[in-house]
Amino acid sequence: CVCVWQVSAWCGSLTITVKTFGSVCQTCSPPVLLSKTVLLPCLFTLRPSAGSSHEPPRIKWTKVWGQRGSDGLQKEQSVLVAKDNVKAFQSRVSLPGYNENRYNASLALSGLRSSDSGLYRCEVVVGINDEQDTVPLEVTGVVFHYRAPHDRYALTFADAKRVCLENSANIATPGQLQATFADGYENCDAGWLSDQTVRYPIQAPRPGCYGDREDSPGVRNYGNRSPDELFDVYCFAKQLQGEVFHSTVPEKLSLATASTHCHSLRAQLATVGQLYLAWQAGLDQCDPGWLADGSVRYPINVPRKNCGGDEPGVRTVYNNPNRTGFPDTAALFDAYCYQGTDSTEVDTASFLQLSLQKQCLLRPSFSSRC
41 CVCVWQVSAW CGSLTITVKT FGSVCQTCSP PVLLSKTVLL PCLFTLRPSA
91 GSSHEPPRIK WTKVWGQRGS DGLQKEQSVL VAKDNVKAFQ SRVSLPGYNE
141 NRYNASLALS GLRSSDSGLY RCEVVVGIND EQDTVPLEVT GVVFHYRAPH
191 DRYALTFADA KRVCLENSAN IATPGQLQAT FADGYENCDA GWLSDQTVRY
241 PIQAPRPGCY GDREDSPGVR NYGNRSPDEL FDVYCFAKQL QGEVFHSTVP
291 EKLSLATAST HCHSLRAQLA TVGQLYLAWQ AGLDQCDPGW LADGSVRYPI
341 NVPRKNCGGD EPGVRTVYNN PNRTGFPDTA ALFDAYCYQG TDSTEVDTAS
391 FLQLSLQKQC LLRPSFSSRC
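Every number in the numbering used here is 40 more than the matching position in the sequence shown, counting from 1.
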């Protein structure tokens, strides 16, 4: 039999059901953060039959995902095949316990990407006998670009860390940005990262976006910068602890009335990080709405006409043609509200007041509330 188990905070307890043959356990796997390393366990007791050769076991890991087609099958992608010391796999995967114990097929997967989420099947063949079982993997967390309310490249390193925290996130690490780039992310705006370097990811090099890599795709790196220099920032939001939902009224909402409206629904205005996590989880709404920082955005998972472009993503409504500036706080839009039980979340009422004060200082002629 193949013995596969996982300990999960979601499950409440560890449940392992071992049988002599066939499937061995029911598991509930906790999410693992983007760019981290995970060990997908697979220990087996299958042994060669008497009189058979003593060749090492053949181990194969396969990723299974997607909806079943008309043939009843899901999509599959080979991850790793191992026999003796010969392995055929990408540089991110290994069998760390295999050399010492040929019956330990646990798979280590590093530099986790969002696209790594799925079901992983461990197959073991010893002689003419074979066994298999599956381990689920959910990679959580999303990297997003953030720009100051009034202008491009206006954040010191301290400002960058602060605005990420205000938006239910932390400043992203280089590894998190690299993992997001590997999944296809591109943005031609230099932003702070947690190691005080400034970088940006480019898939299609072009004038103004070459950086230090010229015409090669990759993450551009300006190196370590003085903390007083001004750039944008890349933030990383870990996991949504509640629900983000779209709401509106017939006459639409200003920033202040949007906050009041969410509170009337026993919720609060969502932060940018919360909206990105909801988008990553599938939220799709082609209606611009206020967020807690005073920005107006909307999440698109199914690109379509009049919804901001051909690629999935969170769209931002800018006040100026050069893609800078938040809308006037008196402008009328919908709202994105957040309802959750996490006591560590930002107090949106106080954050809203801070957002209004900041915008009044930056644009005193834009609102009668200043």
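Each residue gets a CB set at the ideal place from its N, CA and C atoms; glycine is no exception.
query                                                                                                                                                                    : result
Quick check: the Cα distance between Ile99 and Gly263, rounded to an integer number of angstroms?                                                                        : 42 Å
Compare the Cα-Cα distances from Glu269 to each of Ala198, Gln243 and Gly322 and report the closest residue.                                                             : Ala198
Do Leu331 and Val273 count as a contact pair if the criterion is CB distance below 8 Å?                                                                                  : no
In the DSSP assignment, find the beta strand (DSSP E) that holds Tyr186 and state where it starts and stops.                                                             : Val182 to Tyr186
Just the C-alpha distance for Ser75 and Pro97, rounded to the nearest angstrom, thanks.                                                                                  : 31 Å
I need the boundaries of the beta strand (DSSP E) containing Leu323, first residue and last residue.                                                                     : Leu323 -> no beta strand (DSSP E), and no H or E assigned at all.
If you run the structure through DSSP and keep just helix, strand and coil, what is Ser299?                                                                              : helix
Shortest alpha-carbon distance to Tyr193 belongs to which of Val78, Ser146, Arg239 and Ser294?                                                                           : Arg239
Within 10 angstroms of its Cβ, does Leu113 collect 16 or more other Cβ (buried), or is it exposed?                                                                       : exposed
Do you know how far the Cα of Cys249 is from the Cα of Ile242?                                                                                                           : 7 Å
Taking the CB atoms as reference points, tell me whether Ser208 and Ala277 lie closer together than 8 Å.                                                                 : yes
Quick check: the segment 244 to 260 against the segment 289 to 306, are at least 3 beta-carbon pairs closer than 8 Å?                                                    : no
Could you give the distance in angstroms between the alpha-carbon of Arg337 and the alpha-carbon of Val357?                                                              : 6 Å
Between Thr369, Tyr378, Ser118 and Gly224, which has its C-alpha nearest Glu351's C-alpha?                                                                               : Gly224
Is it buried or exposed, His286, if we count other Cβ atoms within 10 angstroms and call 16 or more buried?                                                              : buried
Identify whether Leu270 lies in helix, strand or coil by the three-state DSSP scheme.                                                                                    : coil
In chain order, what residues of the same chain have a beta carbon less than 7 Å from the beta carbon of Ala307, not counting five sequence neighbours either side?      : Cys377, Tyr378 and Gln379
When we look at the beta-carbon of Ala370 and count the other beta-carbons within 10 Å, is it buried (16 or more) or exposed?                                            : exposed
Which residue wins for smallest C-alpha separation from Cys204, given the options Leu233, Glu163, Arg153 and Asn360?                                                     : Leu233
Can you name the start and end residues of the alpha helix (DSSP H) that Lys201 belongs to?                                                                              : Phe197 to Glu206
Per DSSP, which residues does Pro190 bridge with? Please list them.                                                                                                      : Looking at the sequence provided, one finds His at residue 190 rather than Pro. Beta-bridge pairing links His190 to no other residue.
For Asp255, count neighbouring C-beta atoms within 10 Å of its own C-beta (all shown protein chains included) and say buried if the count is 16 or more, exposed if not. : exposed
Select from Lys103, Pro70 and Arg142 the residue whose C-alpha is nearest the C-alpha of Leu159.                                                                         : Lys103
Tell me which residue opens and which closes the alpha helix (DSSP H) that Leu217 is part of.                                                                            : Pro214 to Ala222
Where does Arg363 land, buried or exposed, given buried means 16+ other C-beta within 10 angstroms?                                                                      : exposed
Do you know whose CA, among Pro328, Pro361 and His190, lies nearest Cys347's CA?                                                                                         : Pro328
DSSP state of Asp368, grouped into three classes?                                                                                                                        : coil
Taking the beta strand (DSSP E) that Val4 falls in, what are its first and last residues?                                                                                : Any property of residue 4 remains undetermined from this structure, which presents the chain solely from 41 to 410.
For Ala310, is the classification buried or exposed, using 16 other Cβ atoms within 10 angstroms of its Cβ as the cut-off for buried?                                    : buried
Would you kindly work out how many angstroms separate the C-alpha atoms of Pro339 and Asp173, rounded to a whole number?                                                 : 36 Å
Once the 5 residues before and after Arg260 are set aside, which same chain residues still bring their CB inside 7 Å of it?                                              : Arg239, Tyr240, Ile242, Gly251, Asp252 and Arg253
Is it right to say Ile168 is buried, meaning 16 or more other beta carbons lie within 10 angstroms of its own, or is it exposed?                                         : exposed
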